[in-house]
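Some notes on the structure that comes next.
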């Protein structure tokens, strides 16, 4: 499962400091969390579960898959090697650092616990765009032997959950019109095809711009009651 963006990040030399968060000066003020759409309810429920998730289906290693958020410079080579190996669009190290330094909470990695290797990743960002606060899925990669086991769904769902909790109004991405696997995945999660972009990629392939809209909160409705985490029931995603 692969999807990609065509993105050129500013060539900035960003030096992370352990004494200060790299997003302290650029992150927008906190926004009220939004209620997830109905199509996301089952998949989003898995984001509250512990990071280890049992592997399902066939192919790849037989151990469980664990998920972690981006943890620093030691994870950057893993993200770069996965994307460079599976996607045809060339990215410089400045592009990767643009995403992971400014939005580390929106990058997740999947590991085969038995093999001890990284088998999937998702890289995202969020910010103001034409008057709306939106999230953007830039890169999604799962190694071929591990596809069909719900890893891509879990990675995307975790990133979308963070975007919703951060107050995003929508999520967008681009996917090749020939990438049936990615289009099916995002369709199950509630994305719609907003636009066709002709010859969008360097290889001349068209892309669909996909969009997921979150419902706007009605100011006339009372706020949602937040219960204890122990009251929540674990709901298995039908796509895992």
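Residue numbers (full-length UniProt numbering): 1 to 240. Backbone N, C-alpha and C define an ideal beta-carbon position, used for all residues, glycine too.
Cβ shell of residue 152 (< 7 Å), same chain only, five flanking positions each side left out: Reading the chain shown from its first residue, position 152 is the one you call residue 152. Closer than 7 Å at Cβ, skipping near neighbours: 1, 120, 140, 142 and 185.
Nearest neighbour of residue 198, chosen from 90, 155 and 175 [CA to CA]: One-based indexing of the chain shown puts residue 198 at position 198. Among 90, 155 and 175, the Cα nearest to that of residue 198 belongs to 175.
Collapsed DSSP secondary structure at residue 133 in the structure displayed: Counted from its first residue, the chain shown places residue 133 at position 133. Here residue 133 sits in strand by DSSP.
Distance CB(residue 132)-CB(residue 65) smaller than 9 Å: Indexing the chain shown from 1 puts residue 132 at position 132. Indexing the chain shown from 1 puts residue 65 at position 65. Contact flag unset, no.
Beta-carbon gap between residue 109 and residue 136 smaller than 9 Å: Position 109 of the chain shown, counted from the start, is the residue given in the question as residue 109. Position 136 of the chain shown, counted from the start, is the residue given in the question as residue 136. Cβ atoms of residue 109 and residue 136: not closer than 9 Å.
As assigned by DSSP and simplified to three states, the class of residue 107: The count along the chain shown starts at 1 and reaches residue 107 at position 107. Strand, per DSSP.
Entirely enclosed beta strand (DSSP E) segments - the region 124-204, minimum 3 residues: For the region 124-204, whole beta strand (DSSP E) runs of length 3 or above, ordered along the chain, are 132-142, 170-176 and 192-197.
Distance between beta carbons of residue 125 and residue 103, contact taken as under 8 Å: Taking the first residue of the chain shown as position 1, residue 103 is located at position 103. Taking the first residue of the chain shown as position 1, residue 125 is located at position 125. Confirmed, about 5 Å.
Spatially closest choice to residue 179 from 72, 167, 149 and 208, by CA coordinates: For the purposes of this step, residue 179 is taken as residue 179 along the chain shown, with counting starting at 1. Nearest of 72, 167, 149 and 208 to residue 179, Cα basis: 208.
Under 9 Å between C-beta atoms of residue 212 and residue 192: Along the chain shown, read from residue 1 onward, the residue named residue 212 stands at position 212. Along the chain shown, read from residue 1 onward, the residue named residue 192 stands at position 192. Their beta carbons are under 9 Å apart, which means residue 212 touches residue 192 by this criterion.
Exposed unless 16 or more other CB atoms sit within 10 angstroms - verdict on residue 26: Residue 26 sits at position 26 when you count from the first residue of the chain shown. In this prediction, residue 26 has a pLDDT of 40, which is less than 50 and means its spatial position is unreliable; what the coordinates show is noted afterwards. Burial call: exposed.
Where the beta strand (DSSP E) containing residue 88 begins and where it ends: Looking up residue 88 in the chain shown gives position 88. Under the DSSP assignment, residue 88 falls outside any beta strand (DSSP E); it carries neither an H nor an E label.
Spatial distance of residue 181 from residue 127 (CA atoms): Counting from one through the chain shown, the residue named residue 181 turns up at place 181. Counting from one through the chain shown, the residue named residue 127 turns up at place 127. Near 27 Å, if we compare the C-alpha coordinates of residue 127 and residue 181.
Residues near residue 57 in its chain [Cβ-Cβ closer than 8 Å; skip 5 each side]: For the purposes of this step, residue 57 is identified with residue 57 of the chain shown, where counting begins at 1. With a pLDDT of only 40 at residue 57, under 50, the local geometry of the prediction cannot be trusted, and no value is derived from it.
Residue 195 versus residue 177: straight-line alpha-carbon distance, rounded: By 1-based counting over the chain shown, the position of residue 195 is 195. By 1-based counting over the chain shown, the position of residue 177 is 177. Approximately 11 Å, taken between the alpha carbons.
Selected residue, minimal CA-CA separation from residue 70, among 63, 122 and 86: Numbered from 1 along the chain shown, position 70 holds the residue referred to as residue 70. Closest by alpha carbon: 122.
Per-residue DSSP class, three states only, for residue 278: Because the chain in this structure spans residues 1 to 240, residue 278 falls outside the shown range and cannot be described.
Alpha carbon of residue 105 to alpha carbon of residue 203, nearest angstrom: If you number the chain shown from 1, residue 105 lands on position 105. If you number the chain shown from 1, residue 203 lands on position 203. For residue 105 and residue 203, the distance between alpha carbons rounds to 31 Å.
Where the alpha helix (DSSP H) containing residue 99 begins and where it ends: In the chain shown, residue 99 corresponds to position 99, counting from 1. Where residue 99 is concerned, the enclosing alpha helix (DSSP H) stretches over 93-102.
Residue 107 and residue 159 closer than 9 Å at C-beta: In the chain shown, counting from the first residue as 1, residue 107 sits at position 107. In the chain shown, counting from the first residue as 1, residue 159 sits at position 159. The answer is yes: Cβ separation under 9 Å.
Endpoints, the beta strand (DSSP E) within which residue 207 is located: For the purposes of this step, residue 207 is identified with residue 207 of the chain shown, where counting begins at 1. It spans 207-213 - the beta strand (DSSP E) in which residue 207 sits, taken as one unbroken run.
CB of residue 201 within 9 Å of CB of residue 86, strictly: The sequence position of residue 201 within the chain shown is 201, counting from 1. The sequence position of residue 86 within the chain shown is 86, counting from 1. Result no, Cβ atoms of residue 201 and residue 86 do not sit closer than 9 Å.
Three-state secondary structure assigned by DSSP to residue 46: Against the chain shown, residue 46 aligns to sequence position 46. Confidence at residue 46 is low in this model, with a pLDDT of 38, below 50, so its placement is unreliable and the value that follows should be read with caution. The three-state reading of DSSP puts residue 46 in helix, counting H, G and I together.
Neighbourhood of residue 75 by C-beta, 7 Å cutoff - its chain only, sequence neighbours within 5 removed: For the purposes of this step, residue 75 is taken as the residue at position 75 of the chain shown. Around residue 75: 109.
Buried versus exposed, by CB contacts within 10 Å (16 or more), residue 134: On the chain shown, residue 134 is found 134 positions in, with the first residue counted as 1. It is buried - the Cβ of residue 134 has at least 16 other Cβ atoms within 10 Å.
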